[in-house]
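Undergrad: These protein sequence lines are chains X and H, in that order. Following UniProt numbering, the numbering of the first sequence begins with 1 at its first residue and continues without gaps. Following UniProt numbering, the numbering of the second sequence begins with 1 at its first residue and continues without gaps. Cβ atoms here follow ideal geometry from the backbone N, Cα and C, with glycine treated the same way. No experiment lies behind these values; they were computed from the predicted model shown.
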Amino acid sequence: MPSEAIVNEGSVEVNSSARSRPQVQNPPRTNNTSASSGEDEELMYGAKHVIMLFVPVTLCMMVVVATMNSVSYYSLEESSNFVYAPFQDKTASTGTKVWQSAANAGIIMCAVIVMTVLLLLLYKYRCYKIINGWLVCSSVMMLFFFSYMYLQQVLRAYNVPLDYITVTILVWNFGIGGLVCIHWKGPLLLQQAYLIMISALVALIFIKWLPDWTTWAVLGVMVIWDLVAVLCPKGPLRMLVETAQSRNEAIFPALIYSSAMVWIVTMADDGGHSKKNKKRKEGEFDNDVEEEDDDDDGGFKEHLANGVSGNSLEDSAAARSAFRALGDMTQGVQQTNLAFSENYWDVEDEPTSQRQVIPEGATGREPTEEDNAAAKTSKKKKRAKPAGGARQTQSERQRRTAVPAASEDDGELEEEKGIKLGLGDFIFYSVLVGKASSNGDWNTTLACFVSILIGLCCTLLLLAIMRKALPALPISLSFGLVFNFATSALVQPFMDKLNNEQVYI
Amino acid sequence: MDLRRVNNTEKLAMCRKYFFAGFFVLPFLWVVNSVWFFKEAFRKPHYTEQADIRSYVIRSMIGAVIWLAIIITWVIFYQTKRVEWGSFGDSLLFIIPYGSA
Numbered sequence: 001m002p003s004e005a006i007v008n009e010g011s012v013e014v015n016s017s018a019r020s021r022p023q024v025q026n027p028p029r030t031n032n033t034s035a036s037s038g039e040d041e042e043l044m045y046g047a048k049h050v051i052m053l054f055v056p057v058t059l060c061m062m063v064v065v066a067t068m069n070s071v072s073y074y075s076l077e078e079s080s081n082f083v084y085a086p087f088q089d090k091t092a093s094t095g096t097k098v099w100q101s102a103a104n105a106g107i108i109m110c111a112v113i114v115m116t117v118l119l120l121l122l123y124k125y126r127c128y129k130i131i132n133g134w135l136v137c138s139s140v141m142m143l144f145f146f147s148y149m150y151l152q153q154v155l156r157a158y159n160v161p162l163d164y165i166t167v168t169i170l171v172w173n174f175g176i177g178g179l180v181c182i183h184w185k186g187p188l189l190l191q192q193a194y195l196i197m198i199s200a201l202v203a204l205i206f207i208k209w210l211p212d213w214t215t216w217a218v219l220g221v222m223v224i225w226d227l228v229a230v231l232c233p234k235g236p237l238r239m240l241v242e243t244a245q246s247r248n249e250a251i252f253p254a255l256i257y258s259s260a261m262v263w264i265v266t267m268a269d270d271g272g273h274s275k276k277n278k279k280r281k282e283g284e285f286d287n288d289v290e291e292e293d294d295d296d297d298g299g300f301k302e303h304l305a306n307g308v309s310g311n312s313l314e315d316s317a318a319a320r321s322a323f324r325a326l327g328d329m330t331q332g333v334q335q336t337n338l339a340f341s342e343n344y345w346d347v348e349d350e351p352t353s354q355r356q357v358i359p360e361g362a363t364g365r366e367p368t369e370e371d372n373a374a375a376k377t378s379k380k381k382k383r384a385k386p387a388g389g390a391r392q393t394q395s396e397r398q399r400r401t402a403v404p405a406a407s408e409d410d411g412e413l414e415e416e417k418g419i420k421l422g423l424g425d426f427i428f429y430s431v432l433v434g435k436a437s438s439n440g441d442w443n444t445t446l447a448c449f450v451s452i453l454i455g456l457c458c459t460l461l462l463l464a465i466m467r468k469a470l471p472a473l474p475i476s477l478s479f480g481l482v483f484n485f486a487t488s489a490l491v492q493p494f495m496d497k498l499n500n501e502q503v504y505i
Numbered sequence: 001m002d003l004r005r006v007n008n009t010e011k012l013a014m015c016r017k018y019f020f021a022g023f024f025v026l027p028f029l030w031v032v033n034s035v036w037f038f039k040e041a042f043r044k045p046h047y048t049e050q051a052d053i054r055s056y057v058i059r060s061m062i063g064a065v066i067w068l069a070i071i072i073t074w075v076i077f078y079q080t081k082r083v084e085w086g087s088f089g090d091s092l093l094f095i096i097p098y099g100s101a
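(1) Please state whether DSSP places ASP52 of chain H in a helix, a strand or coil.
(2) LEU155 of chain X: which of X:PHE479, X:VAL83, X:MET197 and X:SER70 sits nearest, CA to CA?
(3) So, do the region 227-236 of chain X and the region 449-460 of chain X have three or more beta carbon pairs nearer to each other than 8 Å?
(4) If you reduce the DSSP assignment to three classes, tell me which class ALA419 of chain X lands in.
(5) Determine whether the Cβ of VAL180 of chain X lies closer than 8 Å to any Cβ atom of chain H.
(6) What number of angstroms, rounded off, separates the C-alpha of PHE144 of chain X from the C-alpha of PHE174 of chain X?
(7) I want to verify the contact list: residues of chain X whose CB lies under 9 Å from the CB of ARG82 of chain H, in sequence order.
(8) Since SER147 of chain X is in the alpha helix (DSSP H), which residue starts that stretch and which ends it?
(9) Between the C-alpha atoms of TRP36 of chain H and TYR194 of chain X, what's the straight-line distance to the nearest angstrom?
(10) With 16 other CB atoms within 10 Å as the buried threshold, where does LYS44 of chain H fall?
(11) Does any residue of chain X bring its CB to less than 8 Å from the CB of ASP2 of chain H?
(12) So, for PHE38 of chain H: in the same chain, excluding its five sequence neighbours on each side, which residues have a beta-carbon less than 8 Å away from its beta-carbon?
(13) Rounded to whole angstroms, what's the CA-CA distance from LYS380 of chain X to LEU460 of chain X? Just pull it up for me.
(14) Less than 8 Å between CB atoms is the rule here; does ASN47 of chain H satisfy it with respect to chain X?
(15) Between which two residues does the alpha helix (DSSP H) carrying PHE19 of chain H extend?
(16) Can you list the residues of chain H that LYS185 of chain X reaches, using a CB-CB cut of under 8 Å?
(17) Any C-beta of chain H sitting closer than 8 Å to the C-beta of GLY220 of chain X?
(18) Only counting the same chain, and skipping five residues up and downstream in sequence, which positions put a Cβ closer than 8 Å to that of GLN492 of chain X?
(19) Taking the continuous alpha helix (DSSP H) assigned at GLN100 of chain X, which residues delimit it?
(20) For THR166 of chain X, return the contacting residues in chain H, with the cut-off set at a CB-CB distance below 9 Å.
(21) When DSSP builds the beta bridges, which residues end up paired with ASP163 of chain X?
(22) Closer than 8 Å, CB to CB, is VAL308 of chain X near chain H or not?
(23) Under 8 Å between beta-carbons, which chain X residues line up against PHE28 of chain H? List them in chain order, please.
(24) Kindly indicate the opening and closing residues of the alpha helix (DSSP H) around THR487 of chain X.
(25) Within the 8 Å Cβ cut-off, does VAL57 of chain H reach chain X?
(26) Roughly how many angstroms separate the alpha carbons of THR243 of chain X and GLY418 of chain X, rounded to a whole number?
(27) Compute the distance between the beta-carbons of PHE94 of chain H and TYR164 of chain X, then report whether it is under 8 Å.
(28) Is it buried or exposed for HIS46 of chain H, if we count other Cβ within 10 angstroms and need 16 for buried?
(29) Just tell me which of X:ARG126, X:ASN159, X:ILE176 and X:VAL160 has its CA closest to the CA of SER147 of chain X.
(30) If LEU219 of chain X sits next to LEU490 of chain X, beta carbons under 8 Å apart, how far is it from one beta carbon to the other, in whole angstroms?
(31) Go ahead and label LEU29 of chain H buried or exposed: buried means 16 or more other beta carbons lie within 10 angstroms of its beta carbon, across all protein chains shown.
(32) Is the separation between the beta-carbon of LEU477 of chain X and that of MET222 of chain X shorter than 8 Å?
(33) Based on Cα-Cα distance, which residue from X:PHE494, X:ARG467, X:LEU498 and X:ALA436 lies nearest to LEU481 of chain X?
(34) Does the beta carbon of TRP36 of chain H come closer than 8 Å to any beta carbon on chain X?
(35) Does the beta carbon of GLN152 of chain X sit closer than 8 Å to a beta carbon anywhere in chain H?
(36) When you compare the region 79-97 of chain H with the region 48-63 of chain H, are there three or more beta-carbon pairs, one atom per stretch, that lie closer than 8 Å?
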């Protein structure tokens, strides 16, 4: 159990300021149905989208926490080493543990960097088949092997005797259903559910196979890596997204969770103000590939003997960060970077001629509003995996620009705006919360959970303000880490003492 | 994906593919097919391909129900008779439960 003491005052300040910001700024944003179109553009990306991301993140974390608390397998330390974390000494002194976990984290980081650069190169040289094959293999491994293991451990924990025939049918259906929904076409809700389940599975594998202190070190390192890879001009993820942008194409089909909100745009009459009413929400996943791909790759290498996530860790980390970067970049670079799956829109039938409609003053809106709206829509994708990113961006922009024109004819048009979040973000959030819960303390778990959600709010806020791709990990994970250590070191003993003395505050 | 944005021929193709894929011991795909296309087949106003989609949905539903019956029967049968079957019953076990039978 990590015992580093964290200065509390700093975290409290951060926390309070973080808390106050969403509260101050979110209420105005909840008014999504205001009649003024200009206001609407500003408000479209607001509390509703944040909530749309809260639900899957919460679900994923809940699954991981529930599993950690009921199935002891995932909290047991294995004697065999994880390939990328060779230093594992349980009896070492604190100093040794610190440098060993730092070394482990460094090794994992190098693996992630290598995989990301590899992905970048593959993408740059248009080896799409290899990438797609890699992603499919990853998801196959994830959906079949990990779920098989998970089922086995859950059954063992609950002592349920089940026969091979039933198990085979279950795992086979689950796996093929996942493949079809993620890589081909399937109902949105099912796609989202599969993405959540896969993220939870990978998070569980990480928790199990990374040594105790190494997990925290890796989380800390991922914060820095995320910042660097997405925001620096030469960051691999940023370059990946820029390449996708320049080619104007969807990047990777999966690895992104996107939740789309469907807006029905009705034009009152020609030249009138457009009124946006949110009719329906649709969650859309771009789950073509999970971050798991990294894990899946491991299945094809000999390292598998060492543990399931032998190679997958780096792969998934790489894929994850790659995707995140891609998503972020796509968002930032292209205005309409909503990562909707390709079959959602027909990009090709959005000709540029539609754009010309706007200057003609089809509606009472100014072109700048459209751009703002488009920008907003695209901003929503925090981490658009390249998958549908660029293409969607185009279609989204054209869609938005097309709205005024079409609305004149039809009176109603549907538009989609949504938020995208990379699967890697899900995974690391869940790793943090799962690890916190495996220490057995509910206060700490809840503190981590809340801090991650607040970090997510802040990140989305920043996204709305800065209007470019942003990494989702840094703020949330740093809040989570700070609160995890602060709570377990300071709040928990305090609560215990209060309970002992029967003092209730 | 959103079915509202897909044109009818594609919907029919998807429905058909889900239906045929379900024959590979994949009742889950049949369930998904019948639930997903239910509205298309029964609640939408008539269009050309709807008759075909309806037939596929109905067949998927029937197939899913049959599979459900088979699986439930087998599970009940196995759970109750496992102890009687002795070593054969044990060899089919995925995990060996602890405790006495």
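TA: Once the coordinates are examined:
(1) helix
(2) X:SER70
(3) no
(4) The sequence shown places Ile at residue 419 of chain X, rather than the Ala named in the question. Three-state DSSP puts ILE419 of chain X in a strand.
(5) yes
(6) 8 Å
(7) PRO161 and ASP163
(8) 147-158
(9) 16 Å
(10) exposed
(11) yes
(12) VAL57
(13) Caution is warranted here: a pLDDT of 38 is assigned to LYS380 of chain X, below 50, making its placement in the model unreliable, and the coordinate value is therefore given only provisionally. Taking the straight line from one Cα to the other gives about 8 Å.
(14) Looking at the sequence provided, one finds Tyr at residue 47 of chain H rather than Asn. Not an interface residue.
(15) 8-21
(16) MET1 and MET14
(17) no
(18) ASP441, ASN443 and THR444
(19) 94-124
(20) ILE71, TRP74, VAL75, TYR78 and PHE94
(21) H:LEU93
(22) Here VAL308 of chain X scores only 35 on pLDDT, less than 50, and its place in the model should not be relied on; the value that follows carries that caveat. No, no contact with chain H.
(23) ASN173, PHE174, ILE176 and GLY177
(24) Element bounds for THR487 of chain X: n/a, residue is neither H nor E.
(25) no
(26) 23 Å
(27) yes
(28) exposed
(29) X:ILE176
(30) At roughly 20 Å, the Cβ-Cβ gap does not stay under 8 Å, so LEU219 of chain X and LEU490 of chain X are not in contact.
(31) buried
(32) yes
(33) X:ALA436
(34) yes
(35) yes
(36) no
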